[in-house]
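What follows is a short report on a single structure.
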Amino acid sequence: MNKRILSIQNLNVDYQTSSGYFRAVNGVSLEINEDEVFGIVGESGSGKSTLCNGFLRLLPANSLVTADHVDFMGRELLEMKERDFRHIRWEQISYIPQSAMNTLNPILTIGQHFFETIEAHEGRKSKEELRQRTAEALHRVNLAPEVAQRYAHELSGGMKQRVCIAMAMLLSPKLIVADEPTSALDVISQKSVLQILSNVRTSLKASMIMIGHDMALQAQISHRMGIMYAGYFVEIGSTADIFHHPTHPYTQGLIRAIPSIRRRDDISVLAACELSEEERLRLRTPRPLREISAGHFVADFS
Amino acid sequence: MSWKYLLKRLLIFFITILVAATLNFLVPRLTPQDPITAVLGAMASKGIVLSDSESVVQMYTEAFGLDQPVIVQYFKYLGNIFFRFDFGYSISYYPNKVLPIILNALPWTMGLLLIGNLVAFLIGNLLGALCAWKKTPRFFRGFIYVLMPFSTIPYYVLALLLMYLLAILNPIFPISGATTAGAAGGFTLAHLQDLAVHAVLPILSVALSLIGFWALSMRGIMSTVLGEDYLTYAQARGLRGGRIFYHYGIKNAVLPQYTAFAIDLGKIMCGSVLVEILFNYPGVGYVLYNALRTADYFVMQGVIMFIIFTVALATLIMDLIYPKLDPRIQYD
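Heads up: the protein sequence lines correspond to chains A and B, in order.
1 is the number of the first residue of the first sequence in our numbering; add one for each residue after it.
1001 is the number of the first residue of the second sequence in our numbering; add one for each residue after it.
Next up, the structure:
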């Protein structure tokens, strides 16, 4: 049995709006094991990014995160002081943003981003050591050391995403949260970036939470998957279980909606896989998960 | 930045100066006032009556070259400023030349304006940034509302207010002048202290009126910058709050402020006239005021030329260092 590194129990995220509270994540429980890739799939607005930003404590001030517990290697994340949590960030849990378009400071060089990250966690270092480690990190994602002298606006989208991957691995974290790391890229860069991400993660033996909306892409990289809808998990299981025995109607719809390259379906056929409007409305109320076979959980949908 | 751009930018700089110099030459000559008669009138009002005024007018007209055709005067004028930095003689302070009059006044104005503006820029931007920063205590954020009224009061009114409060009601600071009359100069501590005490109120009236303006615009820009993805990413990487505030927040938010600062220098130069007059401060503004009163063409032209030169130079410098401040700006 693998060692568990992250355990989330009954996590809620509420946003304060002018018309009261809006619950974006509703009673989510989740466990991540060592050296495991867990894929979270769901449509836009299903709460997958909010869930992760919630336990990473990156949400704006108008949000409220509550949970029975968020246990990361024996430490309670939500109750730590920001001063202590700063050291969990990046040293233990790093993060790859959705689109690297605007995630790098336009007035700092790529290298300065690496330097400041190292020095924020390990104190002052010699210029030589900083340069050395930055070059190594860039090398891992197939980027030349000269990239360190460039500014974000001088790099392509794929290069920036690789910079973010190199950054995420910089301090050898135990857990990486990747929020749709390839969704802003074209299909070809997507493949190479995913390949690099997967290789580097394997070499570090880090666990990873991979958020995405692309079922096919997730199938390539995830060991286990969770399908999110309206702020809760409707189905959690091994990737094999999810693809071979999809049980929840929403999961079944998602899998049917994957376009095939061999068969030409009319767009209306693919659209018909979607749940009906009444069905969607009915499913908005969260249901508890039931274990239907070992490690395969499905929310009640009758 | 390429050499081609640098040359092009310098050329624009010189053309600006040339056009400004031309206008500066033409406009005073379009006024109906005749400087020589004005001087004689002023003398007459003081009881000095010249017996042979016709020949005096003749003599002065020749001395200042006013008898020559306008076009000749124009080219002489251009040649004198561009090649000899010579702005001619002051009419009211004859035989003093214009340049030394301006150069004597210059340090006072530069000191007053540079310090006043820099203080306002630094404090204003810092306050504005702090007001947008989430971790700033609430009572401190309210501080901006205290400064707001000052930015709506014109600074000559503010100057009068400060004068009344801090020089008349509570005589902490001297009411006017740049030094105590008859004080010994030189680089002694007492003299420097005397200079500083005299500069406080003029600087304060310039700075106070500007702080609110800078703070207000900085607060707006800063709150936009704080919503950028790179701030969240910096926080996710566990950077210290202070580093995020300065290197991610302020340094990005202040970029448009630099441009505003360079452009404002022009307005500031002209606006300081009133402050200098109110405080009887011997700066360029004071010289300009006296020149206007006595229709002293050459001093007027000298001062205006000087202001144009300063503004053009400030924007040139800003243009050239901007790529250093914001690497996204590239000239080619």
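Where a beta carbon is used, it is the ideal one built from N, C-alpha and C, also for glycine.
Roughly how many angstroms lie between the CA atoms of residue i and residue j, to the nearest whole one?
i                : j                : result
L217 of chain A  : L1006 of chain B : 51 Å
A1312 of chain B : A166 of chain A  : 46 Å
P1095 of chain B : P1149 of chain B : 47 Å
R1219 of chain B : Q132 of chain A  : 39 Å
D1229 of chain B : S63 of chain A   : 17 Å
Y1060 of chain B : F1309 of chain B : 29 Å
P259 of chain A  : G1227 of chain B : 37 Å
A1253 of chain B : M1222 of chain B : 5 Å
K191 of chain A  : S156 of chain A  : 15 Å
F1279 of chain B : L130 of chain A  : 55 Å
N1080 of chain B : L1018 of chain B : 13 Å
N105 of chain A  : Y151 of chain A  : 9 Å
Y1289 of chain B : I1321 of chain B : 34 Å
A219 of chain A  : T239 of chain A  : 6 Å
Y1231 of chain B : E136 of chain A  : Inspection of the sequence shows that residue 1231 of chain B is occupied by Leu rather than by Tyr. Answer to the nearest angstrom: the Cα atoms are 25 Å apart.
Y1206 of chain B : S183 of chain A  : Tyr is not the amino acid found at residue 1206 of chain B; the sequence shown has Val there. Those two C-alpha atoms are separated by around 52 Å.
A1295 of chain B : G1088 of chain B : 15 Å
D1034 of chain B : L1192 of chain B : 43 Å
A1196 of chain B : A1129 of chain B : 29 Å
T1109 of chain B : P1282 of chain B : 8 Å
S46 of chain A   : T1136 of chain B : 34 Å
I1175 of chain B : I1101 of chain B : 24 Å
W1003 of chain B : I1015 of chain B : 18 Å
V1057 of chain B : P1069 of chain B : 17 Å
Just to confirm my understanding: we take residue i, look at its own chain, exclude 5 residues before and 5 after, and list those with CB closer than 8 Å. What are they?
i                : result
I93 of chain A   : L56, F72, P173, K174, L175, I176, V177
P286 of chain A  : N26, G27, A230, G231, Y232, A299
A67 of chain A   : I8, Q9, N10, L11, N12, F55, L78
A1349 of chain B : The question about residue 1349 of chain B has no answer here: the residues shown for chain B are numbered 1001 through 1332.
I5 of chain A    : I32, N33, E34, F72, M73, K174, L175, S207
Pick helix, strand or coil for residue i, following the three-state DSSP scheme.
i                : result
H287 of chain A  : Checking the sequence shown, residue 287 of chain A turns out to be Arg, not His. Of the three classes helix, strand and coil, the one that applies to R287 of chain A here is coil, per DSSP.
G24 of chain A   : First, the amino acid is wrong: residue 24 of chain A is Ala here, not Gly. It is a strand residue.
S1209 of chain B : helix
Q9 of chain A    : strand
F72 of chain A   : strand
K125 of chain A  : coil
D179 of chain A  : strand
T1109 of chain B : helix
E31 of chain A   : strand
L1160 of chain B : helix
E43 of chain A   : coil
S1092 of chain B : coil
F226 of chain A  : Just to set this straight, residue 226 of chain A is Gly in the shown sequence, not Phe. Correct three-state label for G226 of chain A: strand.
H296 of chain A  : strand
V234 of chain A  : strand
K48 of chain A   : helix
D1319 of chain B : helix
F1279 of chain B : coil
K3 of chain A    : coil
Taking 6 Å as the limit between beta carbons, can you name the residues of its chain near residue i, skipping five residues before and five after?
i                : result
A1314 of chain B : A1262, L1265
E180 of chain A  : Q98, I211, G212
I242 of chain A  : M225
L1239 of chain B : none
S1272 of chain B : L1113, G1285
With a threshold of 7 Å on Cβ separation, who are the neighbours of residue i within its own chain once the five nearest residues in sequence on each side are excluded?
i                : result
Q149 of chain A  : T109, G111
Y1074 of chain B : F1025
D1326 of chain B : L1255
C52 of chain A   : V177, D179, I209, I211
Y1156 of chain B : L1274, V1275, L1278
E43 of chain A   : H213
Please indicate yes or no: does the CB of residue i lie closer than 7 Å to some heavy atom of the ligand NAD?
i                : result
N1290 of chain B : With respect to the ligand NAD, the structure offers nothing, as it holds no ligand at all.
At a Cβ cut of 8 Å, what residues of the segment 1192 to 1209 of chain B count as close to chain A, listed as they run along the chain?
none
Across the segment 182 to 190 of chain A and the segment 11 to 27 of chain A, are there enough close Cβ pairs to call them in contact, namely three or more that are closer than 8 Å?
no
Residues of the segment 56 to 69 of chain A whose Cβ lies closer than 8 Å to any Cβ of chain B, in chain order
L56, L58, A61
Can you confirm whether the segment 1206 to 1220 of chain B touches the segment 1147 to 1161 of chain B when touching is taken to mean that 3 or more C-beta pairs between the two stretches lie within less than 8 Å?
yes
Going along the segment 122 to 153 of chain A in order, which residues come within less than 8 Å of chain B, judged by CB to CB distance?
Y151, H153
Measuring CB atoms only, is the segment 231 to 251 of chain A touching the segment 75 to 89 of chain A, in the sense that at least three cross pairs come out at less than 8 Å?
no
Are at least three pairs of beta-carbons, each pair with one atom in the segment 1228 to 1241 of chain B and one in the segment 79 to 95 of chain A, less than 8 Å apart?
yes
Scan the segment 1240 to 1270 of chain B for residues whose Cβ lies nearer than 9 Å to a Cβ of chain A and list them as they occur along the chain.
R1240, G1241, R1243, H1247, Y1248, K1251, N1252, L1255
Can you find at least 3 beta carbon pairs, one from the segment 1295 to 1305 of chain B and one from the segment 1127 to 1147 of chain B, that sit closer than 8 Å?
no
Determine which residues of the segment 70 to 88 of chain A have a Cβ less than 7 Å from any Cβ of chain B, and write them out in chain order.
R86, H87
Mind listing which residues of the segment 1124 to 1144 of chain B have their C-beta closer than 7 Å to chain A's C-betas, in chain order?
K1134
To be precise: take each residue of the segment 1219 to 1238 of chain B, compare its Cβ to all Cβ atoms of chain A, and keep it if any distance is under 8 Å. Which residues remain?
E1228, D1229, Y1230, T1232, Y1233, A1234, Q1235, A1236, R1237, G1238
At a Cβ cut of 7 Å, what residues of the segment 1303 to 1330 of chain B count as close to chain A, listed as they run along the chain?
D1326, P1327, R1328
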